[in-house]
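Number 1349 marks the last residue of the sequence shown (the working numbering); no jumps. Step one of this worksheet: look at the structure below.
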Amino acid sequence: MQKPPIPHNEQSRLQALKSLNLLDSKPDQAYDRLTRLTKQCFGVPIALVSLIDAERQWFKSRQGLDACETPRDISFCAHAINQREIFEVSDATQDPRFADNPLVSGEAHIRFYAGAPLITHEGYALGTLCIVDTQPRKLSQQERDTLRDLADAVLAEIESIEVKKAFLDYQNIQERLRLGQIYANIGTWEWNIQSGDFFFTEQIASLLGYGYAELAFSYDSFLAAIHPDDRQAVVDAINACVEQSVPYDIEHRIIWPDGTVRWLLERGDVKRDADSKPSKMLVVVQDITDIQLAKQEAERANRAKSEFLANMSHEIRTPMNGIIGMSELGLNETDPHKMHHQLKRINQSGRLLLGIINDILDFSKIEAGKLELDQQPFQLTHLKNELTDLFYSLAQEKGLTFSVQLDYENNCMTCLYGDILRLRQVLTNLIGNAIKFTEQGEVRLTIRLDIQGDNQAWLYFEVVDSGIGMTTEQQQKLFSAFTQADASITRKHGGTGLGLVISDRLVKLMGGDDIEIKSQLNQGSSFSFSLPMKVCTAEQKTHLNTPLKHTESTQLEGRVLLVEDNEINQEVAASMLAYLGLSVEIADHGQIAVEKVQQQNYDVILMDIQMPVMDGYQACRAIRQFNTTTPIIALSAAAMIEDKNKALAAGMNDHLAKPIIPHDLYKVLSEYLKEKVKPVLLIVCQNTPKLKTLVQQAKADYQVRVVTNLAQAKRLIETGTIDQAWLVNEDGQKYSVLKDNLDELVQTQSNSSI
């Protein structure tokens, strides 16, 4: 016996059949009239309206047969619904599909069958109008037409106006629901608890990683798809819902056939019958994988930020401890040598703290898209010299070799146009890291210039070290914000963990690609990147800045008005200005500054921004009403590019960020003031405990030379480079001596000491 094939649209067909509510319904005279007429027309013992359910054929109307249903797999009608034309079997005993069918070989003794499929306008074959005989026979064409007409009458009865309207409405609702579920990634399943049957929407199959036709959905198959670690929790939740009416609400993982893990949110409840027994469970299912991943990523980011803040707290407190601790010691220290050491440590700690703050500010500016490039002409030879000066001694202190190699030396005198400050920042970070994480061997920077046209070039940089190296996993973390490659290494060596993130984003901001890493654990690392550059035009070359170095032999000339409300800042800035040889007056706020400028002339005005009474912007605008020539330089703790632009827009000439670095102060002021050379002071003195302090005091106004006897003093004087001389005795008392008098002393006490 051949089992009937399953229609290609079986699930949809069954849904359409069930939606009509005809299965297991009461007898209907309209259908019975049609089956009686069919039986009489064809003179057969049996006429039926058969509806094909999932496991059975059920007879909506039957003539000549007592049974109301038979199994689907032995039914003739299950074959008939697979074609649009009448399905006819003239002699079942001669048909291999039915010869051993129980309905043929058994008591029913069926020999002839003809069935016209009842096909709806949606294309679903719900069942048949069929005739059955115990004798073989064959329909004529007229009989086939008659059977088709009678079947159409049955179908018309099924699709009566009311049923059709209800069905169409139902379809519309179902379609809206289906689309809503698809777009919301939501599906529903229904469990008939008493029969064990499962009904599910198309989207459920998608949520479980199947095509709709692929999924044979059941309670067991549903549980099998759940992640093993979550399965028992789901079973417990279902049991609690069924047995105790606890709302079903659970998040759990499932595993798709391809191994993909997804997260589902399920919510549902149980319906009960008149006896309060659970009848069915209806559940809504939503895919929340993206939400879970976002939640996990947010939690990871929060953990990373917490670790970052903890590290920042440590990094900030470390130099702060140095500043506060050393300053406390210095307040009680009387030994000048120890005090100098303490001041040096305070200075080092302050610079470290400034570096940390700059890292954080740079990162925030990059993240906010507010970091702007400052393009200016530069030469690679200057860059090489600056980096060599900066890192050579640092590397030597660790016993390392540091070198900067320029490929194509001839081209390296080419004037390039780009953001040299940010380029230097990237290279400083990469080289600094290389030295930090290298205990022996070398650190090498290689720079290669490739000129590709009249105005275009590419710069290639590679920093190579023989340090500790990295694993692949550590390399993947390097450029993630708030994440460090190895927290233990960070604790050992310090740092914000933002340097490489900032460097990578600066390279991209300047037009380059990702910084490339090559590294093996314990075998060193290589960091390389490339940048597009423009070759300077003739006009741009005129603005090429040579590196500026402030030496002890040079000072500046001029009167400076320092506008600052904070007393400590006043003292710091005034002392630095005096050390540069400048005359300084102080105004406590903007209003006083305006009044002073109205009464006196100044060569430069250093203007704080945030002050009481009148701020720096207001003061600058007021001064510019009557004085447009005196340079005004903003001296502000606001260090963003927009702060500089705001200062320039208010009429200021330049901007210097706090904290003030002496070299930066000299560099800015030298743009507006003349340089002067300090006179040379010769100190003639044998070793005395007070000599070092005396020399330090004298350096503010002189270039200092020290000798221990008069003969040495004479030889220096004869060079013509000495402007003034001091004789210092063992008690540290000094006596100014004219050069002529010193000559007389030498004549009488040649080669003697003081």
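We put the beta carbon where it would ideally sit given N, CA and C, even for glycine. Small disclaimer: the values here were computed from a predicted structure and weren't measured.
Evaluate contact between the stretch 1090-1105 and the stretch 1012-1025, counting only Cβ atoms and requiring at least three cross-stretch pairs below 8 Å.
yes
To which residues of the same chain is Asn1117 closer than 8 Å at the C-beta, ignoring the five residues directly before and after it?
Ile1063 and Gly1064
In angstroms with no decimal places, state the Cα-to-Cα distance between Asp1160 and Met1247.
19 Å
Could you compute how far the alpha carbon of Gln937 sits from the alpha carbon of Ala1169?
22 Å
Comparing C-alpha positions only, which one of Met1235, Pro1207 and Leu643 sits nearest to Asp969?
Met1235
Beta-bridge pairing of Trp851 - partner residues as DSSP gives them
Its beta-bridge partners do not exist; DSSP assigns none.
Pull up the CB-CB distance for Val575 and Leu1289, whole angstroms please, since I reckon it's below 8 Å.
Here the chain covers residues 596 to 1349 and nothing more, so residue 575 does not appear.
Taking 6 Å as the limit between beta carbons, can you name the residues of its chain near Ile1187, skipping five residues before and five after?
none
For Leu877 and Gly863, believed in contact at Cβ under 8 Å, the rounded distance
6 Å
For Ile726, which three-state DSSP category applies?
strand
Can you grab the Cα-Cα spacing for the pair Val1199 / Asp1238, in whole Å?
20 Å
In this structure, how does DSSP classify Tyr593 when only helix, strand and coil are distinguished?
Nothing can be reported for residue 593: it is not among the residues displayed for the chain, which extend from 596 to 1349.
Output the distance between the C-alpha atoms of Asn696 and Lys634, rounded to the nearest integer angstrom.
23 Å
Could you have a look at Met596 and say whether DSSP puts it in helix, strand or coil?
coil
Going residue by residue through the stretch 965-992, where are the continuous beta strand (DSSP E) segments of at least 3 residues, counting only ones entirely within it?
971-974
Among residues of its own chain, excluding the 5 on either side of Asp1045, which ones have a beta-carbon nearer than 6 Å to its beta-carbon?
Trp1053
Going straight from the alpha carbon of Val1352 to that of Lys979, what length do you get?
Lying outside 596 to 1349, the shown extent of the chain, residue 1352 is not represented and no answer is given.
Paired residues, beta bridge with His1250 - DSSP
Ala1229
Are Leu1177 and Gly1211 close, meaning C-beta to C-beta below 9 Å?
no
Check whether chain D comes within 9 Å of Ala711, counting only Cβ atoms and requiring the distance to be less than that.
The question asks about chain D, but that chain is absent: this structure has only one protein chain.
For Asp1350: DSSP bridge partner residues:
Residue 1350 lies beyond the stretch modelled for the chain, which goes from 596 to 1349, so this question has no answer here.
I'd like the list of long-range same chain contacts for Lys1144, defined as Cβ closer than 7 Å, with 5 residues on each side in sequence excluded.
No answer about Lys1144 holds up, because its pLDDT of 48 lies below 50 and its placement is not dependable.
From which residue to which residue does the alpha helix (DSSP H) around Ile1163 run?
Glu1162 to Tyr1174
So for Ala611, helix, strand or coil by DSSP?
helix
Under the three-state DSSP convention, the category Pro697 falls into:
helix
Whole angstroms is fine: what's the gap from Ser998's alpha carbon to Gln1035's?
14 Å
Helix, strand or coil at Met876 [DSSP, three-state]:
strand
Straight-line CA distance for Asn942 to Gly1048?
47 Å
Could you check the C-alpha separation between Asp1099 and Glu1134 for me, to the nearest Å?
31 Å
Leaving out five residues on either side along the sequence, give the residues of the same chain with a beta carbon under 6 Å from the beta carbon of Ala1214.
Gly1185, Ala1188 and Val1189
What ranges does the beta strand (DSSP E) occupy inside the stretch 769-844, keeping only unbroken runs of at least 3 residues that lie completely in it?
781-787 and 793-795
Asp744 - containing alpha helix (DSSP H), residue span:
Gln736 to Ile753
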